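Enquirer:
Protein chains in written order, with the numbering used here: chain A, 95 to 521; chain B, 95 to 521.
1) Secondary structure at residue 413 of chain B, three-state DSSP: helix, strand or coil?
2) Compare the C-alpha of residue 457 of chain A against each of A/468, A/445, A/488, A/423 and name the closest.
3) With a 10 Å radius around its C-beta and 16 neighbouring C-beta atoms as the bar for buried, classify residue 269 of chain B as buried or exposed.
4) Comparing alpha-carbon positions, which option in A/176, A/193, A/297 lies nearest residue 104 of chain A?
5) According to DSSP, which residues form a beta bridge with residue 268 of chain B?
6) Using CA atoms only, rank isn't needed, just tell me which of B/498, B/491, B/287, B/184 is closest to residue 147 of chain B.
7) Using a Cβ cut-off of 9 angstroms, which residues of the stretch 303–321 of chain A contact any Cβ in chain B, in chain order?
8) Relative to the C-alpha of residue 246 of chain B, which candidate in B/385, B/290, B/125 has its C-alpha closest?
9) State yes or no: is the beta carbon of residue 187 of chain A nearer than 8 angstroms to at least one beta carbon in chain B?
10) When the Cα of residue 335 of chain A is compared with those of A/196, A/493, A/361, which residue comes out closest?
11) Whole angstroms are fine: how far does the CA of residue 492 of chain A sit from the CA of residue 384 of chain A?
12) Pull up the distance between the alpha-carbon of residue 109 of chain B and that of residue 142 of chain B, whole angstroms please.
13) If we require 4 or more residues per run, which alpha helix (DSSP H) segments fall completely within the stretch 433–503 of chain B?
14) Find the nearest neighbour of residue 274 of chain A within the set A/140, A/293, A/376, A/502, judged by alpha-carbon distance.
15) Spatial neighbours of residue 115 of chain B within its chain, please: C-beta separation below 7 angstroms, excluding the five flanking residues on both sides.
16) Distance, Cα to Cα, residue 348 of chain A vs residue 217 of chain A?
17) Out of B/252, B/317, B/190, B/439, point me to the one whose CA is closest to residue 287 of chain B's CA.
18) So, is the C-beta of residue 235 of chain A closer than 8 angstroms to a C-beta in chain B?
19) Over what stretch of residues does the beta strand (DSSP E) that includes residue 371 of chain B continue unbroken?
20) Do the stretch 339–356 of chain A and the stretch 495–506 of chain A touch if we need at least three Cβ pairs shorter than 8 angstroms?
21) Tell me which same chain residues have a C-beta within less than 6 angstroms of the C-beta of residue 344 of chain B, skipping the five on either side of it?
22) Any beta carbon of chain E sitting closer than 8 angstroms to that of residue 116 of chain A?
23) What residues in the stretch 243–275 of chain A have a beta carbon less than 8 angstroms from any beta carbon of chain B?
24) Go ahead and pull the three-state DSSP assignment for residue 512 of chain A.
25) Measuring only the C-alpha atoms, how far is residue 196 of chain A from residue 476 of chain B?
26) Is the separation between the beta-carbon of residue 258 of chain B and that of residue 271 of chain B shorter than 8 angstroms?
27) Can you pull the chain B residues whose beta carbon is under 7 angstroms from the beta carbon of residue 158 of chain A, in chain order?
28) Run the proximity test for residue 95 of chain A: is its beta-carbon closer than 7 angstroms to any non-hydrogen atom belonging to the ligand GTP?
29) Quick test of the definition: if touching needs 3 or more C-beta pairs under 8 angstroms, does the stretch 163–180 of chain A touch the stretch 320–339 of chain B?
30) How is the alpha helix (DSSP H) around residue 325 of chain B delimited, first residue to last?
31) Tell me which same chain residues have a C-beta within less than 7 angstroms of the C-beta of residue 187 of chain B, skipping the five on either side of it?
32) Within this structure, are the beta carbons of residue 489 of chain B and residue 446 of chain B separated by less than 8 angstroms?
33) Across which residues does DSSP place residue 158 of chain A in a beta bridge pair?
34) Any idea what DSSP makes of residue 294 of chain A, helix, strand or coil?
35) Which same chain residues, not among the five before or five after residue 194 of chain A, have their C-beta less than 7 angstroms away from its C-beta?
36) Less than 8 angstroms between the CB atoms is what I'm expecting for residue 450 of chain B and residue 283 of chain B, so what's the real figure, rounded?
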């Protein structure tokens with residue numbers, strides 16, 4: 095039985111397999127707190143209830159000792175989990191000692207060096223459970239809405255969004271690059287299957303050391319045929335609010351442990367506010383953070399804009415010059431594109447980027463040339479505009495940044511099991 | 095409305111957005127077959143029912159023209175989908191012409207060069223739908239059983255299973271390699287979270303050109319603390335048969351289209367037969383394919399063994415010398431390890447490899463040295479045996495090989511959207 099399910103086993107005999115978090119002794123009674131990955135529970139060992147061997151062995155239960163414990167589950171209103179276990183037997187499976195991570199302050203470098211053990215801590219395990227729930231909820235929503243999961247390639251012959259931040263490898267006799275986005279492939283798949291998504295790792299070899307950057311991060315990228323910018327934004331807000339709702343419903347204790355009130359997150363419901371880039375500039379001007387029209391926002395600008403809203407806010411219709419070659423210009427105003435970024439509240443910055451793609455062959459070809467991209471690498475991508483081109487849109491949602499916001503974390507590095515950062519490739 | 099849902103719309107006005115597969119003219123009546131990614135349907139256009147403009151425009155509906163079609167949905171027992179649509183209006187969204195893939199035989203190189211368009215064909219789209227359903231079903235099963243999805247890193251500082259088939263890249267000032275398996279990281283995560291899985295791309299730079307190899311492939315890798323080999327095999331057979339059952343239930347038409355009788359797949363239920371390596375050698379001997387004890391099987395051996403069984407068959411307890419350093423020796427017979435491969439029926443070969451891992455620190459250290467692996471790269475992995483080590487097991491299931499078997503495909507290359515093979519990195 096897993097600890098998270100003990101609430102259903104009050105009055106029953108149970109067997110728990112887990113690891114010792116702490117041992118407290120008080121005369122003929124010992125309190126052992128145990129975790130098993132699903133949660134933690136206090137167990138009570140009384141000298142009079144167990145064999146002398148078990149009593150003696152239990153004296154040395156060091157932190158992270160692996161045990162199999164048997165006893166009776168009892169309701170206890172004072173316990174955080176609502177239950178305690180009166181032990182009959184404890185069996186040591188794997189001993190422990192001098193466990194490096196102690197209940198005290200450790201520097202983050204030390205913790206990251208010991209990431210394989212740090213993951214066992216209550217906070218880190220809670221983050222991992224929320225991550226898993228969030229990802230599964232996104233997939234469930236997309237599946238239910240008729241999106242086909244399509245695994246786009248990681249090894250690619252050319253760059254999707256510029257060449258300066260690419261990891262390169264030798265693919266037999268050729269050069270290959272690690273994917274920064276599955277979008278271009280998704281566009282082909284959307285014309286084959288209607289609605290698709292990829293969900294996998296992406297790579298940016300950026301020499302930046304901010305709290306919002308990882309070298310390797312995970313992204314979900316839906317792409318929809320016959321869909322314009324408005325349809326795209328509705329998909330974003332529905333998918334995201336559904337997935338957040340699932341986390342609220344299924345992981346309320348983990349949220350509370352991490353300092354996020356589930357009720358607060360439950361307010362994240364559609365529609366999200368929508369403002370144009372021009373309106374965003376107005377907000378910045380009012381706050382003394384004026385930037386020239388045409389420039390992209392930095393982190394302080396995003397924070398200043400999102401401060402005005404309780405919900406995530408869409409900023410749409412960015413200057414064409416600031417965005418990628420494939421973005422479709424607004425027919426009514428070609429100096430802006432039919433794109434949008436979603437900015438998380440509380441200064442967490444951009445968590446979604448997306449919009450409508452160019453569906454006109456000639457315009458796409460012109461853009462490729464304007465961006466000095468080699469046409470032969472994009473011949474297949476141009477083909478999508480040659481045979482039954484349709485209005486289509488899509489977006490990418492960054493898992494780690496979204497989790498950092500949801501879980502009020504200072505840095506994205508805690509949202510992924512083994513973070514890859516500028517000076518961190520181990521363990 | 096999507097074509098797959100038309101069965102619920104008989105007698106109603108519908109709007110379909112899709113692409114023309116074929117146009118057949120017969121006097122004052124035209125038959126247009128349209129696909130939209132969810133399925134295909136025949137539409138009937140009568141000169142007397144539509145405007146002269148629509149009638150004229152419909153004469154030129156070339157293959158892959160994108161259209162929006164409106165009409166009334168009518169039950170038709172002769173139609174494969176059970177319905178037809180009597181059209182009121184057809185609007186061309188994106189024209190097409192000289193579509194490269196014609197209803198005739200094309201060489202596979204031509205089709206792979208045009209993979210971005212080939213995916214639109216009926217068979218390829220069916221394969222993609224089944225892949226999506228299969229992957230989602232695996233995730234649903236694992237989620238329901240309490241496994242935490244954990245995304246293990248792709249960029250790694252060292253090799254998991256030998257160094258000869260690694261893709262290398264420069265990670266700022268260091269060397270990094272593309273992951274061949276998330277297993278070692280999963281083992282750390284299983285001690286933190288109990289039951290975990292990763293599900294992502296894996297890379298093998300193998301110079302092999304067989305029908306069972308891809309350079310980039312997807313793998314699901316569950317890992318469980320407090321679990322022995324038997325528990326591991328039960329997880330394999332339950333997960334796999336559940337996911338196959340979901341494909342049978344949700345994609346019967348796609349299966350039939352691909353030449354696989356859904357009834358036949360529905361027979362894949364636990365328990366799967368289990369034979370030892372020694373018993374497998376006996377089968378080979380009977381068939382004149384004798385190999386010396388200690389050698390691994392090749393494709394012909396796997397085919398000969400699986401021929402004896404209707405279900406996938408586990409071959410367990412391989413020679414220690416033939417398997418990876420982390421496999422746990424059988425305490426009763428240390429020359430074999432507590433591992434198992436699952437061989438698919440019909441000669442499709444190994445689709446799962448897994449087993450119990452070494453949980454003893456000293457033995458693992460000795461194995462690392464025997465395999466000439468640098469201890470400092472595995473210090474963190476050794477730590478897992480230092481602090482609360484437990485019996486633990488896991489496995490990896492290859493998505494593409496399993497799909498090739500399920501869908502009776504000649505080659506794994508059709509099971510993934512954009513296959514990466516020895517001489518194929520494009521598109």
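We put the CB at the ideal spot given by N, CA and C, even for glycine. Only a predicted model underlies this, so the values are computations on that prediction, with no experimental measurement involved.
Expert: Answer, in terms of the structure:
1) strand
2) A/423
3) exposed
4) A/176
5) B/265
6) B/184
7) 309, 310, 312, 319, 320
8) B/290
9) yes
10) A/361
11) 27 angstroms
12) 20 angstroms
13) 455–464, 473–477, 493–500
14) A/293
15) 127, 128, 129, 134, 157
16) 8 angstroms
17) B/317
18) no
19) Counting along the chain, residue 371 of chain B falls outside any beta strand (DSSP E), though it belongs to the alpha helix (DSSP H) covering 371–380.
20) yes
21) 227
22) Among the protein chains of the structure shown, namely A and B, there is no chain E.
23) 243, 244, 245, 246, 247, 248, 249, 250, 251, 261, 262, 263, 264, 265, 266, 268, 270, 272
24) coil
25) 19 angstroms
26) no
27) 481, 482
28) Annotation note on the ligand GTP: not contained in the displayed structure, which lists no ligands.
29) no
30) 323–344
31) 160, 161, 162
32) yes
33) According to DSSP, which records beta bridges pairwise, residue 158 of chain A is partnered with nothing at all.
34) strand
35) 208, 211
36) Wrong, their Cβ atoms sit about 17 angstroms apart, outside the cutoff.
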